[in-house]
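Residue numbers (our numbering): 6 to 187.
1) Is the beta carbon of residue 104 sitting closer than 8 Å to the one on residue 64?
2) With distances taken Cα to Cα, identify the nearest neighbour of residue 42 among 102, 85 and 176.
3) Are the beta-carbon atoms of residue 78 and residue 34 separated by less than 8 Å?
4) Among the residues of its own chain, which have a CB less than 8 Å from the CB of residue 142, if the five just before and after it don't count?
5) I need the DSSP call for residue 6, collapsed to helix, strand or coil.
6) Can you tell me which of the three DSSP states residue 36 falls into?
7) Do residue 94 and residue 155 have their C-beta atoms within less than 8 Å of each other?
8) Who are the Cβ neighbours of residue 75 in its own chain at under 6 Å, not counting the five residues just before and after it?
9) According to DSSP, is residue 53 part of a helix, a strand, or is it coil?
10) Is the Cβ-Cβ distance between residue 72 and residue 127 less than 8 Å?
11) Can you have a look at residue 46 and say buried or exposed, based on whether 16 or more other CB atoms are within 10 angstroms of its CB?
12) Helix, strand or coil for residue 29? Go by DSSP, reduced to three states.
13) For residue 145, count the other beta carbons within 10 Å of its own beta carbon; 16 or more makes it buried, fewer makes it exposed. Which is it?
Right under this line is the structure:
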């Protein structure tokens with residue numbers, strides 16, 4: 006999911022950093038799905054729930070690498086749902102928004118968003134929590150969604166619909182973090 010994500014302007018992103026994010030997020034998702042298919046799901050059916058993001062739904066500052074990787078996962082989810090559906094395999098994705106208590110929240114500016122009251126712009130006016138993501142994942146994996154495949158469930162309180170994409174503020178946040186690491 007968020008293992009390969011960090012904030013960085015595309016102009017400062019190395020070729021290797023971009024490739025690493027693709028390797029972790031996209032290639033890792035494919036490899037895991039393919040092994041599950043070959044070892045069990047092909048003969049017994051099953052459910053795959055990929056973790057993605059809403060980064061590819063609009064341009065997002067400092068996230069070209071992660072947005073590209075997540076867009077590929079979204080496409081792969083749809084393609085695998087079509088190819089593997091006849092084997093009784095459902096393939097869906099879950100796109101969480103800001104989720105408190107996670108490494109992604111820490112690395113991607115959750116505390117900054119809290120302090121600057123950015124969550125006030127989310128329709129539900131708060132960040133989500135890990136329990137809400139667990140419940141959503143369980144829904145996609147359970148018989149309650151037995152006729153759902155090839156789709157992405159966005160679990161972000163409406164964040165991607167209304168959140169600002171303030172490039173100067175994000176760049177300042179990124180620069181402050183980069184200076185702390187030196």
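Where a beta carbon is used, it is the ideal one built from N, C-alpha and C, also for glycine. In this text, all values refer to a predicted model and were calculated from it rather than measured experimentally.
Reading it off the structure:
1) Position 99 of the chain shown holds residue 104. Position 59 of the chain shown holds residue 64. A distance of 8 Å or more separates the beta carbons of residue 104 and residue 64.
2) As a first step, residue 42 is located in the chain shown; it is residue number 37 there, counting from the start. Nearest option by C-alpha distance: 85.
3) Position 73 of the chain shown, counted from the start, is the residue given in the question as residue 78. Position 29 of the chain shown, counted from the start, is the residue given in the question as residue 34. Contact flag set, yes.
4) Within the chain shown, residue 142 is the residue found at index 137, counting from 1. Only 54 and 99 meet the Cβ criterion.
5) Counting from one through the chain shown, the residue named residue 6 turns up at place 1. Bear in mind that the predicted position of residue 6 carries a pLDDT of just 46, short of 50, making it too unreliable to give a figure here.
6) Counted from its first residue, the chain shown places residue 36 at position 31. Of the three classes helix, strand and coil, the one that applies to residue 36 here is helix, per DSSP.
7) Your numbering for residue 94 matches position 89 in the chain shown. Your numbering for residue 155 matches position 150 in the chain shown. Their beta carbons are not under 8 Å apart, which means residue 94 does not touch residue 155 by this criterion.
8) Position 70 of the chain shown, counting from 1, holds the residue named residue 75. Excluding residues within five positions, the ones whose Cβ falls inside 6 Å are 57, 58, 60 and 61.
9) On the chain shown, position 48 is the one that residue 53 refers to. In this structure, residue 53 counts as strand in the three-state DSSP scheme.
10) In the chain shown, the residue the question calls residue 72 occupies position 67. In the chain shown, the residue the question calls residue 127 occupies position 122. Cβ distance not < 8 Å, so residue 72 and residue 127 don't count as in contact.
11) Walking along the chain shown from the start, residue 46 turns up at place 41. Buried is the call here.
12) Taking the first residue of the chain shown as 1, we reach residue 29 at position 24. Reduced to three states, the DSSP call for residue 29 is helix.
13) The residue you call residue 145 lines up with position 140 of the chain shown. The residue is buried, with at least 16 neighbouring Cβ atoms inside 10 Å.
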